[in-house]
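Numbering of the sequence shown is given in UniProt numbering, commencing with residue 1 and proceeding in unit increments. We put the beta carbon where it would ideally sit given N, CA and C, even for glycine. The structure presented is a predicted model; accordingly, all values stated were derived computationally and were not measured. Structure first, commentary second.
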Amino acid sequence: MIYVEIFIAFFIPGIIGYGGGPASIPLIEHEVVHRYGWMTVDEFGEVLALGNALPGPIATKMAGFVGYEQGGVLGAIVGVFATVAPSLVLMIALLSLLYKFRHSPKVKKMTMLIRPTIAVLLGVLAYRFFASSYEATGVWQTGLLIVISLLLLEKWKVHPALVIAGALVYGAVFLG
1 MIYVEIFIAF FIPGIIGYGG GPASIPLIEH EVVHRYGWMT VDEFGEVLAL GNALPGPIAT
61 KMAGFVGYEQ GGVLGAIVGV FATVAPSLVL MIALLSLLYK FRHSPKVKKM TMLIRPTIAV
121 LLGVLAYRFF ASSYEATGVW QTGLLIVISL LLLEKWKVHP ALVIAGALVY GAVFLG
């Protein structure tokens with residue numbers, strides 16, 4: 001039964017998460033944290049941070065990790081397959097249709113209208129992470145991490161993986 005749940009938990013975001021990994025992250029969070037209760041919001045945030053530090057698509061990395069945690073190697077395989085299955089099936093079935101209408105102004109306009117929705121979903125996810133961090137560590141620790149991360153990323157152009165690793169080390173040493 002766990003394999004069916006893993007499949008459903010990652011197949012649904014794969015179907016309705018138009019826009020790739022970033023668009024499906026809030027949907028995956030809903031399934032993993034709120035629907036099945038496999039992780040807390042904090043744990044999900046840590047997995048997301050680690051997944052972002054590694055190369056490759058975020059949704060498949062998260063599916064592999066959660067699937068492995070819940071169902072071992074077979075759970076990881078099921079999770080990754082469920083994540084890529086919707087795209088795989090649609091691309092195979094609709095390849096000629098996509099090729100025919102790839103320059104259509106209506107298709108381009110539809111894509112432009114979907115982008116704000118994705119931005120709102122990512123904003124809600126960021127707010128949830130901020131609220132969770134604020135509750136767990138307080139405003140000063142959260143604000144300090146935000147300001148330092150912003151400076152490292154924007155002013156000194158430090159690679160995001162190093163900023164994430166630094167924040168994880170900071171959390172382990174001072175907050176853990």
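In the three-state scheme derived from DSSP, where H, G and I count as helix and E and B as strand, Gly-45 is classed as helix. Look at Thr-142 here: in three-state DSSP terms it is helix. Leaving aside the five residues that flank Ala-49 on each side, the residues in its chain whose CB is nearer than 6 Å to its CB run, in chain order, Ile-164.
Per DSSP, Ala-126 is one residue of the alpha helix (DSSP H) stretching across 105-137.
Look at Pro-55 here: in three-state DSSP terms it is coil, with no helix or strand label. Relative to the Cα of Leu-145, the nearest Cα in the group Leu-168, Gly-71, Lys-106, Lys-108 belongs to Leu-168.
Under the 10 Å beta carbon count, Leu-162 is surrounded by fewer than 16 other beta carbons and is classified as exposed.
Lys-61 counts as buried, since no fewer than 16 other beta carbons sit within 10 angstroms of its beta carbon. With a cutoff of 8 Å on beta-carbon distance, Val-78 and Phe-7 are scored as near each other. A residue is called buried when at least 16 other Cβ atoms come within 10 angstroms of its Cβ; Thr-83 meets this threshold and is buried. Glu-46 has its alpha-carbon roughly 11 Å from the corresponding atom of Ser-133. Excluding five sequence positions before and after Tyr-170, the CB atoms of its chain that fall closer than 8 Å to its own CB belong to Leu-145, given in chain order. Only residues of its own chain outside the window of five on either side were considered, and among them Lys-61 have a CB closer than 7 Å to the CB of Leu-54, listed in chain order. Just so you know, the alpha carbons of Thr-137 and Pro-22 end up roughly 26 Å apart. Taken through DSSP and simplified to helix, strand or coil, Tyr-99 comes out as helix. With fewer than 16 other Cβ atoms from the protein chains shown falling within 10 Å of its own Cβ, Pro-160 counts as exposed. Residues Pro-13, Gly-17 of the same chain have their beta carbon placed closer than 6 Å to that of Leu-27, with the five preceding and five following residues left out of the count.
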